[in-house]
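The structure under discussion appears below in the form of structure tokens.
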Amino acid sequence: MSNKKIIGYKVRDTKTGLYLRSLSRNEWTRYGKIWSRKSDVFATINAIHIQNKIDSIKYLEPISDWELVELVEESTVPMVFFLDQISMA
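End of the sequence shown sits at 93 in the numbering used here; the numbers just go up one at a time, nothing left out.
The structure is reproduced here in structure tokens:
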């Protein structure tokens, strides 16, 4: 059994490598926005479609170039192991 824990989701454009920051402003950045639940990603996309069906075409047209990225926590290490790297001054 894997210890993988999903801590968030991002949407990445595979052509540019940028992450979605705001779909309504068509804003893509190096870091993007993190959604805590997968359903929140889909709700954001659906909200654009519902708000204005005509304008949603320009936002959602390149959706075939997007991918959902899972941010995972695979392992943890107690901070006490890094005390020699922390300045206590």
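Here a beta-carbon is modelled for each residue, glycine too, at the ideal position from N, C-alpha and C. Just so we're clear, the structure is a prediction, and the values are computed from it rather than from any experiment.
| Item | Value |
| --- | --- |
| Using the Cβ count rule (16 or more neighbours within 10 Å means buried), how would you classify Tyr13? | buried |
| Leaving out five residues before and five after Val73 in sequence, what residues of the same chain have Cβ atoms less than 6 Å from its Cβ? | Lys14 and Arg16 |
| So which of Lys8, Lys9, Thr18 and Tyr35 has the shortest CA-CA distance to Phe66? | In the sequence on display, residue 66 carries Pro and not Phe. Closest option to Pro66, Cα to Cα, is Thr18. |
| For Met5, which residues from the same chain have a beta carbon less than 6 Å from its beta carbon, with the 5 sequence-adjacent residues on both sides left out? | Residue placement at Met5 is poorly supported in this model, since its pLDDT is 45, which falls under 50; the coordinates still yield a value, given next. Cβ neighbours of Met5 beyond the five flanking positions: none. |
| Taking the C-alpha atoms as reference points, what is the distance between Met83 and Ile10? | 21 Å |
| Tell me, please, which residues DSSP counts as bridged to Ser26. | Glu31 |
| Between Lys42 and Glu71, what straight-line distance do the alpha-carbon atoms span, to the nearest angstrom? | 12 Å |
| Let me check understanding here. Comparing Cα to Cα, which of Asn30, Arg34, Arg29 and Ser28 lies closest to Gly21? | Arg34 |
| So, using beta-carbon positions, are Lys37 and Leu24 closer together than 8 Å? | yes |
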